[in-house]
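Residue numbers (our numbering), protein chains in the order written: chain A, 871 to 1230; chain B, 7 to 282.
Glycine is no exception: its CB is placed at the ideal position from the N, C-alpha and C atoms.
Owing to the predicted nature of the structure, the values given are computational and were not obtained by experimental measurement.
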Amino acid sequence: MSLRIFLSLIFLSNISYASYKYETIVEDLDDAWSMVFIDENTILFTELPGNLKILNLLDKSITNIVNIPSVHYASQGGLSEVILDPDFQSNNKIYLSYSAKNKNNKSTLYLSSAELRNDRLENRKVIFEAIAPRRTSVHLGAKIAFMKDGTLLLNSGDGFDHREKAQYLDNHFGKIIRINTDGSIPADNPFINLMGALPEIYSYGHRNMQGLIVTSSGDIYEHEHGPKGGDEINLIKPSLNYGWPAITYGIDYSGAVISPFTEKEGMEQPLLHWTPSIAPSDMIYYENDLYPEFTNSFLVTALVSKDAKKVIFKNGKDYQESLFSDLNQRLRNIEASPAGVIYLLTDGPGGKLIKVLPTK
Amino acid sequence: MKIVKYPFAVLSAALFTVMLVTPISSISNLIWLSSVDMPVNIISSLEVILFDFQRMGIALFAVFTIGFAIAFSVAGLVAKFSNFGGKGLYSLAGAVSIGVALILMVELLFQTELLGGNRFLIGKILHWVAGFFGGYFFYTLISKDRTYTFVIRFVGIFYSYILLGLVLSWVFTPVIAAADFGFVFLDLSDNAQNALLRDFTSFFVATFLFSVIGVITLNPSWFFSSGIIYYGAAIFNLIAIYAHGTNYNQIYIGEIILGTIPTILGLTLIYKHKSI
């Protein structure tokens, strides 16, 4: 054990190959978790305690949005992701994921739609309640993304204490959910006709998923926190089983073996896994050219490694580079503006919004 | 030895209880893995049980030691100032101690259940039963006079327990173990892969077995054998750095520590034997 500790200190160095210039836009954010660009100069962002705010990048003013859903803010739970409807400019619709107490006073994951009008949410409607009740508000997932066909994907995490349920289709623990924007279930969902399976399930066998993106070509990628080791990036396909916790490259926080197996027929392998863990928190696929070195790369922010990883998959191999480690911050969120400028949210109370100045 | 036996009895009881507790999580996990058609067999079961005993057990050992130290001190006071006492009291104290420790581990650590085997009622009951036996074991240790060999044996067992982690890594997950030591296993030639696995595994298995046999026989030669190997590793580490120009590797500090512990045990046995 002593030998391993000594060695881990030696080999865990984190090297950043390029340095960037940054501009801190705002500070003292209260557990900011997610952001989305309304236009080049306006960001809508969430704070975990239950705040939805608009930031004007020109004068750096922040406006509180009212009439947002009540959330259960505890541990990792609270107001999580916000995204815009593809037709936001015409319908003003947004979607929010959050943890809240269900009728049995257990915490679970919710997805609501609402219209953003005059700094207020109107026509708020719960369109999904996860059948994933838990005592402690952890491992919720909660990322949302639109598929090319206009349906919504939502990460629903394994709830930590309920990890085995990720392998069963009668609950929403450890699943990627696919629904229509009104909460109805798409007719082509993979398990819609399977007896005993919940029809919203799109894929299963996941842990605590945080990154969820749909590229311009329509491919779906997600990443998820492993326990101690075994953080993964996966290419998501309908109906597939991604293995957690029957196969994993990580071990439990207690040191216990979760599974001695890393592969099995019928269970998908990740595109890559990080062992030791970096704690991936968000991801974009950069398709602009303001930072030519990032074009057509995945950019993954991380909490533990306090950097972002540029990841490229080529010929079945992954190539990685550490970015922004000179900030020395736990990075919670990454977004590219419509013009392609990259912004970072740092984690926790007192968080910052940081602009990465374009290199082009 | 009258006073010294108590702290070492607490440590021994904690380690004994760890040995009983960790298989609860391991076996419940293996049962679940079997239920979802994972190819669980004797080798994979052994891997899970031994790894859990070593890796999860280290943290639990610290928790149980603190819990037992408090519980058995209270039990000792109750025994002294009341009519209650004996093995029943210490067994009960052990069970209560483990129960409270497991509740506190949940409430103080993110309110999540870190021990897989403690998520079900039957698992919780088995943990309390393990604590009960831990208390009983403590009572049997303190109810008789103990000699210095009791301390030697505990330190020797704990030393072997630490080495067990390295042994398990090299036996069951050699590629990961090699990576921990800075080798990219797949980049090595076939002969180099063979040499690496062969030599490193035998190095750690040998030192582990020497210390276990030393604990059983109390023959200092076995402890010295283990000590010589680790001192040798430290010396040749420094020679590699200063004579052959390799990178500085501070692991020699760990090697000196791992060499010193069994050497002290061996020297103590010789000194005490002469005194007798």
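- Going by DSSP, residue 133 (chain B) is part of the alpha helix (DSSP H) stretching over 127-148.
- Runs of the beta strand (DSSP E) spanning 3 or more residues and lying entirely within the region 1018-1086 of chain A occur at 1022-1026, 1045-1049, 1071-1074, 1078-1084, in chain order.
- Between the alpha carbons of residue 1039 (chain A) and residue 1107 (chain A) lies a gap of roughly 16 Å.
- Chain order gives the chain B residues near residue 1034 (chain A) as 38, where near means a beta carbon separation below 7 Å.
- Secondary structure of residue 211 (chain B) (DSSP, three-state): helix.
- Linking residue 1171 (chain A) to residue 116 (chain B) through their CA atoms gives a straight-line distance of about 23 Å.
- Remark: C-beta atoms of residue 906 (chain A) and residue 952 (chain A) approach each other more closely than 8 Å.
- Chain B has no Cβ within less than 8 Å of the Cβ of residue 978 (chain A).
- Residues of the region 1087-1117 of chain A whose Cβ lies closer than 7 Å to any Cβ of chain B, in chain order: 1116.
- Only those residues of the region 1190-1203 of chain A whose C-beta falls short of 9 Å from the nearest C-beta of chain B would be listed, and there are none.
- Around the Cβ of residue 225 (chain B), a 10 Å sphere holds fewer than 16 other Cβ atoms; the residue is exposed.
- Less than 8 Å separates the beta-carbon of residue 1229 (chain A) from that of residue 1161 (chain A).
- Remark: C-beta atoms of residue 1061 (chain A) and residue 1071 (chain A) approach each other more closely than 8 Å.
- With respect to residue 1027 (chain A), residue 1079 (chain A) sits close: the two C-beta atoms are nearer than 8 Å.
- Listed in chain order, the alpha helix (DSSP H) elements of length 4 or more contained wholly in the region 148-194 of chain B are 154-178, 180-186.
- Counting C-beta pairs closer than 8 Å gives fewer than three between the region 161-168 of chain B and the region 184-198 of chain B, which falls short of the contact rule.
- DSSP places residue 907 (chain A) within a strand segment (E or B) once states are collapsed to three.
- With the rule of 3 Cβ pairs closer than 8 Å, the region 261-274 of chain B counts as touching the region 234-246 of chain B.
- Neighbours of residue 1006 (chain A) in chain B, taken as residues at a C-beta separation under 8 Å, are given in chain order as 116, 117, 118.
- Against chain B, the beta carbon of residue 1134 (chain A) has neighbours under 9 Å at 43, 44, 45, listed in chain order.
- DSSP places residue 117 (chain B) in the coil class of the three-state scheme, outside both helix and strand.
- Among the bridge pairs identified by DSSP, residue 1153 (chain A) is matched with A:1170.
- Taking C-beta atoms as the reference points, residue 1200 (chain A) and residue 1223 (chain A) fail to come closer than 8 Å.
- Setting aside the 5 residues that flank it on each side, residue 72 (chain B) has no residue in the same chain whose C-beta is closer than 6 Å to its C-beta.
- For residue 1043 (chain A), no Cβ of chain B is located within less than 8 Å of the residue's own Cβ.
- In this structure, DSSP gives residue 896 (chain A) an extended state, which the three-state scheme calls strand.
- In the DSSP annotation of this structure, the continuous segment of the alpha helix (DSSP H) that includes residue 48 (chain B) starts and ends at 48-57.
- Taking a C-beta cut-off of 8 Å against chain B, none of the residues of the region 974-1004 of chain A qualify.
- For residue 1114 (chain A), the closest of A:1103, A:1137, A:1126 by C-alpha to C-alpha distance is A:1137.
- For the pair residue 122 (chain B) and residue 1198 (chain A), the Cα-to-Cα distance works out to about 34 Å.
- Listed by position along chain A, the residues whose Cβ is nearer than 8 Å to that of residue 53 (chain B) are 1127, 1130.
- DSSP, read as helix, strand or coil, puts residue 977 (chain A) in strand.
- Among the residues of chain B, those whose CB is under 7 Å from the CB of residue 1030 (chain A) are 118, following chain order.
- Note that the C-beta distance between residue 1031 (chain A) and residue 994 (chain A) is not below 8 Å.
- Shortest Cα-Cα distance from residue 1207 (chain A) to any of A:1158, A:1182, A:1218 involves A:1158.
- Remark: C-beta atoms of residue 166 (chain B) and residue 218 (chain B) approach each other more closely than 8 Å.
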